[in-house]
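Following: one structure in structure tokens, then a few remarks.
Numbering (full-length UniProt numbering), first residue to last: 1 to 143.
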């Protein structure tokens with residue numbers, strides 16, 4: 001049996017955790033550690049247009065911030081899917097375990113599934129309501 005009193009807080013935990021993870025991958029790793037030029041070079045070495053590396057880094061950073069704040073949670077979760085599916089496909093040939101050379105595919109696949117779960121659950125507790133921020137009537141959303 002589900003405890004509906006705790007579900008919004010479990011959803012909050014998932015949302016913030018995914019947001020932190022996206023910030024770690026997008027901002028810390030791709031922007032601060034490798035730099036946008038390094039990230040773009042890496043994407044280019046994989047056969048992608050190098051600018052895609054910058055787009056992914058900035059998209060992961062923006063999505064991470066939005067999820068942590070609880071802004072547009074369902075939409076943001078769905079918009080991350082092409083990035084996560086691309087990461088899963090990129091790692092598919094490296095085997096199951098992420099500690100394999102080049103990283104395995106189970107971690108990006110799990111993130112893809114978790115983003116689908118987040119999109120289904122909504123924002124949960126302590127999310128910013130964009131309507132309230134814009135002075136409109138607050139939305140009535142169960143989760």
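Where a beta carbon is used, it is the ideal one built from N, C-alpha and C, also for glycine.
Run the CB neighbour count on residue 97, radius 10 Å, all protein chains shown included, and call it buried at 16 or more, exposed below. Exposed, by the Cβ-count rule.
Delimiting residues of the alpha helix (DSSP H) encompassing residue 74: Following the DSSP letters along the chain, one finds residue 74 inside the alpha helix (DSSP H) bounded by residues 73–79.
Secondary structure of residue 168, DSSP reduced to three states: Nothing about residue 168 can be reported from this structure: the residues present for the chain run from 1 to 143 only.
With DSSP run on the structure shown, which of helix, strand or coil describes residue 144? Since the first residue shown for the chain is 1 and the last is 143, residue 144 is missing from the structure and cannot be characterised.
Cutting at 7 angstroms between CB atoms, please list the residues of its own chain near residue 142, excluding the five before and the five after it. With a pLDDT of 48 at residue 142, under the threshold of 50, the predicted position of this residue should be treated as unreliable, though the coordinate-derived value follows. Beyond the five residues adjoining it in sequence on each side, residue 142 comes within less than 7 angstroms, by CB distance, of no other residue in the same chain.
With a 10 Å radius around its C-beta and 16 neighbouring C-beta atoms as the bar for buried, classify residue 32 as buried or exposed. Residue burial annotation: residue 32 is exposed, with fewer than 16 other C-beta atoms found within 10 angstroms of its C-beta.
Are residue 112 and residue 84 touching if we call contact CB-CB under 7 angstroms? Yes, the Cβ-Cβ distance between residue 112 and residue 84 is below 7 angstroms.
Check whether the segment 123–137 touches the segment 11–20, taking contact to mean three or more Cβ pairs, one atom from each stretch, closer than 8 angstroms. They touch, by the three-pair rule.
Within 10 angstroms of the Cβ of residue 91, are there 16 or more other Cβ atoms? Answer buried if so, exposed if not. Counting the other Cβ atoms within 10 Å of the Cβ of residue 91 gives 16 or more, which makes it buried.
Are the Cβ atoms of residue 73 and residue 26 separated by less than 7 angstroms? No, the Cβ-Cβ distance between residue 73 and residue 26 is not below 7 angstroms.
Ordered along the chain, which non-local residues of its own chain (more than five positions away) have a Cβ less than 8 angstroms from that of residue 115? Hits under 8 angstroms: 18, 77, 78, 80, 81 and 84.
DSSP three-state call for residue 101: helix, strand or coil? Reduced to three states, the DSSP call for residue 101 is coil.
Just tell me which of 100, 22 and 86 has its CA closest to the CA of residue 68. Of 100, 22 and 86, the smallest CA-CA separation from residue 68 is found for 22.
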